[in-house]
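Right, one structure below, let's go through it.
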Amino acid sequence: MPQIITQISEQLHTSWQKELANVVTDPKTLLEMLDIAPQAYQDHFKARKLFPVRVPRPFIKRMKKGDINDPLLAQVMPLSDEFDLSDGYLSDPLQEHDTVAEGLLHKYRNRVLMIVKAGCAVNCRYCFRRHFPYSDNSPNKARWQQALDYIAGHEQISEVIFSGGDPLMASDEHLAWLVEKIEAIPHVKRLRLHSRLPVVIPQRITPALVDLLANTRLKATIVFHINHANEIDESFVAAVESLRAARIPLFNQSVLLKGVNDNSELLCQLSEVLFDNGIQPYYLHMFDPVQGAAHFDVKEKQAVQIINEMLAALPGFLMPKLVREIAGEANKTPINLT
């Protein structure tokens, strides 16, 4: 295994931007690449009008050919169910559309979330921000000052979270500029990046990115978004090695999704594989009730049963916390397991 990782590592410095430019945006092409006849799924393709299809080719390579129920495919495949209007499901389930400054959310007392980039490398169909007004929240260097002034003016803010979209859609140079500005704010101690991009395009973990996170005065961490063990392949493991060598803490958060990971065996397997590769299981999120994705929802009773089964099978340090995010609450809400 170490020899394989070394060989892959040598190939990771090819441009990740080239992979971004080559993402699959046509569901017909996606199915054809997986040797699945697209004719039977034509009606589903219409859902791309509600939320565009974007799937990087390295992620597609991990999908099982011929299997329309592949758990990775299920996360990105448009379905006609997305047209169904379901009671209790909202376009803004977490009430995030009102920002304190352009691209800046202040949801929790000592933490702010910066929308560093509007786009993502992959469009997950269950995304709670699928209706977010990114066109109104796409700051650039010229527009960041208002957000930076807000952070500087609120001394209780000790942590800045880079989010999006996906913050690693920004170039290393752009990220370095932004980190330098935040470093100049004395009361900010931590920098957290929430990203799915290295999972779907491992080449994004560049030497420049590792160097930036390893040498900032801020305590930098990365939280990946991985829902299924099949998302972790040798190329991702090789990319993560450089982050581990730089002693950057790595965490993972997942979303509990019907038809993807809604059983304890799959989630136990994910926790084991994550920890084997130096990533700490962190959160298992209940589905955020976003309109257009209700078919992914797992009811709380089933979620509690799954977690209790995991508790019986895993040591405590491999257990993600089952939480729900409720709009307006001062923190994520743990789910009562009794």
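Taking full-length UniProt numbering, the leading residue of the sequence shown gets 1, the next gets one more, and so forth.
Here a beta-carbon is modelled for each residue, glycine too, at the ideal position from N, C-alpha and C.
Since the structure is predicted, the reported quantities are computational estimates derived from the model, not experimental observations.
Find the nearest neighbour of residue i within the set the options, judged by alpha-carbon distance.
| i | options | result |
| --- | --- | --- |
| proline 167 | Ala184, Tyr150, Gln145 and Phe224 | Phe224 |
| alanine 118 | Ile201, Glu102 and Lys107 | Glu102 |
| proline 289 | Arg54, Gly88 and Ser195 | Gly88 |
| alanine 229 | Pro281, Val76 and Gly316 | Pro281 |
| arginine 217 | Ala21, Gln75, Ile248 and Leu79 | Ile248 |
| lysine 49 | Thr25, Gln253 and Phe59 | Thr25 |
| alanine 313 | Leu284, Glu180, Ile226 and Ser264 | Ser264 |
| tyrosine 150 | Leu105, Pro78 and Leu175 | Leu105 |
| leucine 197 | Glu155, Asp297, Gly165 and Leu34 | Gly165 |
| phenylalanine 59 | Val200, Leu267 and His295 | Val200 |
| phenylalanine 287 | Met310, Glu183 and Asp262 | Asp262 |
| glutamine 156 | Ile185, Phe83 and Asn140 | Ile185 |
| leucine 79 | Asn336, Leu148 and Phe296 | Phe296 |
| arginine 111 | Val23, Leu193, Cys124 and Lys321 | Leu193 |
With respect to the alpha helix (DSSP H) encompassing residue i, which residues constitute its N-terminal and C-terminal limits?
| i | result |
| --- | --- |
| isoleucine 182 | 172-183 |
| serine 264 | 264-276 |
| valine 76 | 71-76 |
| phenylalanine 59 | 57-60 |
If you draw a straight line from the C-alpha of residue i to the C-alpha of residue j, how long is it?
| i | j | result |
| --- | --- | --- |
| proline 27 | tryptophan 16 | 22 Å |
| serine 235 | arginine 204 | 11 Å |
| valine 122 | valine 255 | 15 Å |
| serine 158 | valine 323 | 23 Å |
| asparagine 69 | lysine 258 | 11 Å |
| proline 52 | leucine 209 | 28 Å |
| threonine 6 | alanine 152 | Confidence at threonine 6 is low in this model, with a pLDDT of 44, below 50, so the placement of that residue should be treated as unreliable; the coordinate-derived value is given next. If I take the Cα positions, the gap works out to 43 Å. |
| leucine 212 | serine 86 | 44 Å |
| proline 56 | leucine 34 | 13 Å |
| leucine 270 | isoleucine 232 | 9 Å |
| residue 341 | tyrosine 283 | Outside the displayed span of the chain (1 to 338) sits residue 341, for which this structure offers no information. |
| isoleucine 222 | leucine 175 | 14 Å |
| valine 179 | asparagine 215 | 11 Å |
Looking at the unbroken beta strand (DSSP E) that takes in residue i, where does it start and where does it end?
| i | result |
| --- | --- |
| tyrosine 283 | 280-285 |
| methionine 114 | 111-117 |
| histidine 106 | 104-108 |
| leucine 191 | 190-195 |
Are there 16 or more other CB atoms within 10 angstroms of the CB of residue i, so buried, or fewer, so exposed?
| i | result |
| --- | --- |
| histidine 187 | exposed |
| asparagine 331 | exposed |
| lysine 107 | buried |
| leucine 113 | buried |
| aspartate 43 | exposed |
| glutamine 75 | buried |
| tryptophan 144 | buried |
| methionine 1 | Summary for methionine 1: the model assigns pLDDT 47, below 50, so the residue's position carries little reliability, and this model does not support an answer. |
| phenylalanine 162 | buried |
| aspartate 276 | exposed |
| glycine 316 | exposed |
| glycine 66 | exposed |
| leucine 311 | exposed |
| glutamate 241 | buried |
Per DSSP, residue i forms a beta bridge with which residues?
| i | result |
| --- | --- |
| leucine 250 | Ile222 |
| valine 240 | DSSP, once it has assigned bridges, lists no residue as partnering valine 240. |
| glycine 164 | Lys117 |
| proline 334 | Val323 |
| glutamate 159 | Arg111 and Arg190 |
| alanine 294 | DSSP lists no partner for alanine 294. |
| alanine 312 | The partner list for alanine 312 (beta bridge, DSSP) is empty, contrary to what the question assumes. |
| alanine 101 | Leu104 |
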